[in-house]
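Asks: Using this note's numbering, you'd call the opening residue of the sequence shown number 32 and step up by one each time.
Backbone N, C-alpha and C define an ideal beta-carbon position, used for all residues, glycine too.
Shown below is the structure under consideration.
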Amino acid sequence: MRKIILITVLLFSLIGCTPDDICGTVQRTYIGYNEYTGQVTYYFYINGQKKQVNTEAWLNYGVGDYVCLTY
């Protein structure tokens with residue numbers, strides 16, 4: 032039974048991403064700040080790629096979490 036659940040979860044995680052999605056484990060986080068505009072920009076590093084995320088994603092996920100970002 033445990034193997035069936037594990038296989039089901041694995042299949043859903045593989046099927047859940049479209050080609051435009053970027054899925055992976057958050058390796059590190061970064062905050063960018065523009066001194067001229069005062070704008071704060073949030074980033075996750077996923078699979079070695081720096082990707083901009085919104086404030087909600089930044090607050091809900093952290094290093095070590097598995098995420099799928101849709102663009």
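Can you tell me whether L90 is buried or exposed? The criterion is at least 16 other CB atoms within 10 Å of its CB, across all chains shown.
Replies: Position 59 of the sequence shown holds residue 90. Exposed, since its Cβ has fewer than 16 Cβ neighbours within 10 Å.
Asks: What separation, rounded to the nearest whole angstrom, lies between the Cα atoms of N78 and G55?
Replies: Sequence index remark: in the sequence shown, residue 78 carries index 47 (1-based). Sequence index remark: in the sequence shown, residue 55 carries index 24 (1-based). If you take the alpha carbons of N78 and G55, they lie about 6 Å apart.
Asks: Reducing DSSP to helix, strand and coil, say where T86 ends up.
Replies: By one-based count along the sequence shown, residue 86 stands at place 55. If DSSP states are grouped into helix, strand and coil, T86 belongs with the helices.
Asks: Going by DSSP, what residues sit across from G55 in a beta bridge?
Replies: In the sequence shown, counting from the first residue as 1, residue 55 sits at position 24. Answer is V98.
Asks: Any idea if V57 is buried or exposed, counting beta-carbon neighbours within 10 angstroms, 16 or more meaning buried?
Replies: Against the sequence shown, residue 57 aligns to sequence position 26. A buried status is given to V57, since no fewer than 16 other beta-carbon atoms sit within 10 Å of its beta-carbon.
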